[in-house]
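Working notes, structure below.
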Amino acid sequence: MSKIEGLAKLRAKLRALPAEAKAEIRQALTQSAEEVADMARRLAPYESGDLKASIKVVHGSYTPENSNVRGVSATADGDADPDLTVSVVAGNAKAFYAAWVEFGTAAHVIKPKRPGGLLNINGRLIEQVSHPGGTPRPYFFPAWRANKRRVRGRITRATKKAAQKVAGNGQ
1 MSKIEGLAKL RAKLRALPAE AKAEIRQALT QSAEEVADMA RRLAPYESGD
51 LKASIKVVHG SYTPENSNVR GVSATADGDA DPDLTVSVVA GNAKAFYAAW
101 VEFGTAAHVI KPKRPGGLLN INGRLIEQVS HPGGTPRPYF FPAWRANKRR
151 VRGRITRATK KAAQKVAGNG Q
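The sequence shown maps to residues 1 to 171 in UniProt numbering.
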């Protein structure tokens with residue numbers, strides 16, 4: 001029977017890799033997410049400032065404050081590690097219209113909430129309003145697309161750096 005020398009040392013290094021990699025990758029994810037969020041804030045149209053203020057980086061799983069808010073995020077499926085989950089989101093209770101700005105809206109008719117009711121538009125009571133819709137003013141996905149290659153490269157480098165640290169320890 002042959003004996004493999006250094007097997008215990010190899011196993012110890014392999015066990016150390018996930019913790020080392022997690023720290024390196026988390027730092028890379030955070031830096032990348034902040035860059036994407038900063039660019040999205042710069043690209044977001046400014047009226048009240050609520051939309052720009054709603055763009056944020058969230059660690060772990062994201063639950064919107066309001067059921068009408070839909071954050072945009074990218075995470076691994078199912079059993080994703082919450083320590084390695086970072087989302088850039090836009091929209092909150094004040095800036096509920098974040099997706100409408102990004103993607104635009106189709107022409108639509110606005111009717112009163114109660115049947116037979118009237119809408120008060122600038123002091124005039126009317127039965128309905130034909131809204132022409134809104135043109136898209138993308139700010140979120142252009143920021144992601146502009147940074148995607150840099151994000152992937154940074155995460156790849158962080159993973160390699162962590163593996164090299166672990167492999168180099170105790171030579």
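No residue lacks a Cβ here, since even glycine has one placed at the ideal position from N, Cα and C.
Taking the alpha carbon of Phe140 as the reference point, which residue from Tyr97, Lys9, Thr85 and Lys165 has its own alpha carbon closest?
Tyr97
Per-residue DSSP class, three states only, for Leu118
coil
Distance check for Pro138 and Met47, CA to CA, integer angstroms please.
It is Glu, not Met, that sits at residue 47 in the sequence shown. For Glu47 and Pro138, the distance between alpha carbons rounds to 15 Å.
Name the residue from Pro136, Arg154, Thr105 and Gly116 whose alpha carbon lies nearest to the alpha carbon of Ser130.
Thr105
DSSP beta-bridge partners of Ile126:
Leu119
Based on DSSP bridge pairs, tell me the residues matched to residue 181.
As shown, the chain starts at 1 and ends at 171. That puts residue 181 outside it, with no answer to give.
Going along the chain, which residues of its own chain have a beta-carbon closer than 8 Å to the beta-carbon of Ile121, five neighbours each way excluded?
Val129
Excluding the 5 residues flanking Ala37 on each side, which residues of the same chain have their C-beta closer than 7 Å to its C-beta?
Ile55, Lys56, Val57 and Val88
Once the 5 residues before and after Glu35 are set aside, which same chain residues still bring their CB inside 6 Å of it?
Asn147
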